[in-house]
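Below is one structure, written out as C-alpha cells; comments come after it.
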Amino acid sequence: MKPVPSKNGNRLLADELTYELRTIPPSAGRQELVPRKSCAMGDWHAASNTPFHVAKCHTLYVDKLILAPMVRVGRLPMRLLALQKGADLVYTEETIDYKLEKCVRTVNETLGTVEYVHNSEVVFQTCGREKNNVILQLGTSNPLRAVKAAQLVSKDVAGIDVNMGCPKHFSVSGGMGSSLLTKPDLVKEILTSLVRNVTLPITCKIRLLPTIAETVTLAQLIEGTGVAAVAVHGRFVTERPREPVHYDYIKAVADSVRIPVIANGASLDIAVYDDIAAVKQKTGCASVMLARAAQWNPSIFSFGKTTANPLDNAREYIKLALQYGQDLGNIKFNLQHLLHFAPDKILKGKLSSAANSQELCELFGLPVHYKEDSRCGLQSLYTTLDSHLFELCRRGYRINILEVPFDRKSLRRANISPKFLLWEYSQKQSLAWPEKPKYCTLYDNLLRKFFTLLSFKGEFYTSGGYYSNKKTSEQAAALASLKLLNVDLPYELYNVNSSL
Ligand code: FNR
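In the numbering used here, the protein residues as written are 3 to 502.
Written as C-alpha cells, this is what we have:
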C-alpha cells in the first residue's frame with residue numbers, strides 16, 4: 003500500500019480508500035452506498051488506483067481563478083462573461099435542493115441552452131460552453147435531497163458545491179448555509195452521500211468558526227468525507243462583507259488539509275489581476291475565488307489588465323443577457339454593480355428608467371443587439387405557435403382582443419372557471435367540432451411567459467396578456483371571449499367590469 007503524505011501528519015492510505023469503496027456491497031437497494039463509476043472529467047477513477055479525491059486534487063480545483071457563487075449574479079450570462087474574461091471555474095448562484103429536485107430538464111432550441119424548469123420558472127440555465135467549468139452550488143440540509151438534485155444536473159455541470167456559509171435568515175431557518183457549520187454530523191452525512199452517489203467532484207464552501215482550531219477541525223472533517231476541495235470564506239458568520247478578511251484562518255486550513263483549499267473573501271484587497279496571486283501566496287491556497295471583485299469588474303480575471311473598463315464590461319454583459327433571455331430587473335441589478343467603477347454616475351442613475359431592453363440598449367449604444375433579441379423572440383413565437391392557427395392569422399383572420407386583468411384568486415371566488423363556462427356555452431350552441439373552443443398556448447422563451455390564442459366559431463380571441471402559468475393564460479383567453487361574445491355572467495367576480 004502506498005502511503006500518501008499529509009501536511010498535518012495524518013497518513014491517508016490510497017489503497018485503504020479504494021478498498022473502502024470496493025467493500026461496500028453493491029447497491030442492494032441502498033442508494034447511498036453505490037460506488038462511483040465514472041466522472042465528468044473522464045473515467046480516471048476507474049483507470050487508476052488513485053483515490054477519487056486525490057486525483058481530483060490535481061485537476062479541477064488547483065491553480066484556478068474562480069467566480070464565486072452569488073445569488074442573482076451567478077446566472078448564465080455573468081458566468082459566460084467571467085469565462086470570456088479568463089475565469090477557470092464559475093459557480094452558479096445558490097440553488098435550493100428541493101426546488102431543483104422538482105425540475106424538468108428541457109432543451110431550449112431557440113436559445114441553445116439546457117434549462118431546468120419547474121412551474122415555468124427556470125431554476126437553472128446552462129449551455130455547452132460552460133459544461134466543463136460550471137459548478138452548481140446547492141443549498142441543502144438533507145443528504146438525500148442533495149443527492150437527488152445533484153444527480154439530476156450531473157450531465158450538465160462539472161462539479162457540485164454545498165453552501166455552508168450563507169448567514170441569511172432564509173438559509174439558516176431552513177437548516178442550510180452557515181447553520182451547518184455547527185452540525186458536523188450532518189455535514190459529514192451530506193458530503194459523504196454526495197461523494198458516494200454523484201459522479202462529479204463534490205466541494206463545499208464554509209465560513210470561519212470562532213477559533214482557528216475549531217475551523218481546522220471542521221475542515222479536516224470535511225476532507226475526511228472525500229470531497230475534492232473546500233472553499234473558505236475568511237469571515238465569521240457574524241461579520242459583514244466590508245470587514246477585513248482573516249487570512250491567518252484561511253492559511254491555517256490550507257496548511258492542515260491535503261485537498262485543495264480555495265481562498266475567498268479578499269475582494270476588497272483586489273484591485274488588479276496581480277493582487278489575486280498575492281492572496282494565493284499569502285494564504286498558501288490552491289486557488290482563489292472572487293465574488294464582489296468580479297461582480298464589479300469581470301475583467302479582473304484577465305491577465306495583464308490593470309484597469310477596469312466598466313462600459314465595455316456592461317455592454318458585453320447586456321449582449322449575453324439578452325441572448326440568453328434574462329429578465330430586465332436582473333439585467334439592471336447586475337449593470338448597477340458592473341458600473342461600480344464607472345466615472346459617469348449619470349448613466350447609473352438613468353438605468354432605472356429604462357423600461358425595456360430596447361431603451362437599455364439605446365442607453366448603452368447597442369441598438370443592434372435589441373434587434374437580435376426581438377428576432378429571437380419572434381422565432382420562438384413562430385416555432386411554438388400551432389402552425390394551423392398561425393397560418394390563419396397570417397391570412398388576415400380577425401383576432402378579438404379584450405384586456406382582462408385575470409388572476410387565479412378569482413377562480414376561488416367565482417367557484418367556476420371561464421373555460422368551463424365557455425365549454426358550457428358552446429354545448430348549448432350545438433356547434434360542429436371545428437367551431438368548438440380550441441386553445442393554442444405558446445411559451446415565449448424570452449419573456450418566459452405563456453400567451454393564449456383561442457379559436458371559437460371561426461374567430462380568434464385573446465386577453466392579449468402574457469402569464470407565467472399556462473392554465474391562467476387559457477382562463478384569461480376564455481374570459482375575454484365570453485365577455486366579447488356578450489355572454490351574460492357576473493364578471494365582477496373575475497374583477498372584470500361588466501360595462502366594459
Ligand atoms: C454572495 N455570497 C454567496 N455565497 C454563497 O456561498 N452562495 C451564494 O449564493 C452567495 N450569494 C451572494 C450574492 C452576492 C450579491 C454577494 C456579494 C455575495 C458570498 C460570496 O460568495 C463570497 O463568499 C463573499 O462575497 C466574500 O467574497 P468576496 O466578495 O470578498 O470576493
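All C-beta atoms, glycine included, are put in the ideal place defined by N, C-alpha and C.
For clarity, every value in this text was computed on a predicted model and none was experimentally measured.
Can you tell me the Cα-Cα spacing of residue i and residue j, whole angstroms?
i: Glu245; j: Val239; result: 12 Å
i: Asp329; j: Val149; result: 30 Å
i: Val259; j: Leu113; result: 42 Å
i: Ile214; j: Gly236; result: 11 Å
i: Tyr469; j: Lys421; result: 16 Å
i: Leu368; j: Arg317; result: 8 Å
i: Tyr427; j: Ser173; result: 50 Å
i: Thr337; j: Gly267; result: According to the sequence as given, residue 337 is Leu; it is not Thr. Their backbone Cα atoms lie some 22 Å apart in a straight line.
i: Ser419; j: Leu413; result: 6 Å
i: Met72; j: Gly167; result: 12 Å
i: Ser465; j: Val159; result: 40 Å
i: Leu484; j: Val498; result: 11 Å
i: Asn488; j: Glu437; result: 18 Å
i: Ala288; j: Ala273; result: 20 Å
i: Leu85; j: Lys321; result: 15 Å
i: Gly379; j: Val75; result: Bear in mind that a pLDDT of 43 at Gly379, under 50, signals an unreliable position, so the number given afterwards is only what the model happens to contain. When rounded, the distance between both Cα atoms is 23 Å.
i: Pro439; j: Lys459; result: 7 Å
i: Pro312; j: His342; result: 8 Å
i: His371; j: Tyr118; result: At His371, the pLDDT of 48 sits below 50, so the modelled position is not reliable; the number obtained from the coordinates is stated separately. One C-alpha to the other measures close to 26 Å.
i: Val125; j: Leu182; result: 23 Å
i: Ala256; j: Ala323; result: 37 Å
Return the bridge partner residues of residue i from the DSSP annotation.
i: Met166; result: Ile208
i: Ala233; result: Lys207 and Ile264
i: Thr97; result: Leu140
i: Gly161; result: Ile137
i: Thr108; result: Glu117
i: Glu461; result: Phe458
i: Ser470; result: Bridge partners of Ser470: none, in fact.
i: Ser289; result: Ile264
i: Asp440; result: Reading off the sequence, residue 440 comes out as Lys, not Asp. According to DSSP, Lys440 bridges with Ser457.
Would you give the residue range spanned by the beta strand (DSSP E) that residue i belongs to?
i: Gln503; result: There is no way to answer for residue 503, as the model of the chain reaches only from 3 to 502.
i: Leu67; result: Leu67 to Leu69
According to the neighbour-count rule (16 or more other Cβ atoms, all chains shown, within 10 Å of its Cβ), is residue i buried or exposed?
i: Lys253; result: buried
i: Ser331; result: Residue identity differs from the one stated: residue 331 is Gly in this sequence, not Ser. Classification of Gly331: exposed, given that the 10 Å Cβ count is below 16.
i: Val109; result: exposed
i: Leu492; result: Residue identity differs from the one stated: residue 492 is Pro in this sequence, not Leu. Exposed, by the Cβ-count rule.
i: Tyr21; result: Confidence at Tyr21 is low in this model, with a pLDDT of 23, below 50, so the placement of that residue should be treated as unreliable; the coordinate-derived value is given next. Looking at its Cβ environment, which holds fewer than 16 other Cβ atoms inside 10 Å, Tyr21 is exposed.
i: Asn199; result: buried
i: Gln477; result: buried
i: Asp99; result: buried
i: Asp490; result: exposed
i: Tyr496; result: buried
i: Trp425; result: exposed
i: Glu111; result: exposed
i: Ala430; result: Residue 430 is actually Lys in this sequence, not Ala. So Lys430 counts as exposed.
i: Ala482; result: buried
i: Thr454; result: buried
i: Asp163; result: buried
i: Glu95; result: buried
The alpha helix (DSSP H) spanning residue i covers which residue range?
i: Gly141; result: It is not in any alpha helix (DSSP H) - Gly141 instead sits in the beta strand (DSSP E) that spans Val136 to Gly141.
i: Asn402; result: Note, Asn402: premise wrong, no alpha helix (DSSP H); beta strand (DSSP E) at Ile401 to Ile403.
i: Met80; result: Leu78 to Lys87
i: Val503; result: Because the chain in this structure spans residues 3 to 502, residue 503 falls outside the shown range and cannot be described.
i: Leu188; result: Pro186 to Asn199
i: Leu324; result: Pro312 to Gln325
i: Leu349; result: Lys347 to Leu353
Can you round the beta-carbon distance between residue i and residue j to whole angstroms, since I take them to be within the 8 Å contact cut?
i: Pro145; j: Ser180; result: Going by Cβ atoms, the distance from Pro145 to Ser180 rounds to 18 Å, so no, they are not a contact pair.
i: Pro203; j: Ala230; result: 4 Å
i: Thr219; j: Leu210; result: Not really, about 12 Å apart at Cβ, beyond 8 Å.
i: Ser269; j: Gly88; result: Wrong, their Cβ atoms sit about 16 Å apart, outside the cutoff.
i: Thr142; j: Leu78; result: Their Cβ separation, rounded to whole angstroms, is 22 Å, which puts Thr142 and Leu78 out of contact at 8 Å.
i: Asn402; j: Phe452; result: Wrong, their Cβ atoms sit about 19 Å apart, outside the cutoff.
Under 7 Å: does the beta carbon of residue i sit that close to some heavy atom of the ligand FMN?
i: Val274; result: The model depicted lacks the ligand FMN and carries the ligand FNR instead.
Is residue i close to chain B? Criterion is C-beta to C-beta, closer than 8 Å.
i: Ile401; result: Although the question refers to chain B, the structure presented lacks it and comprises just one protein chain.
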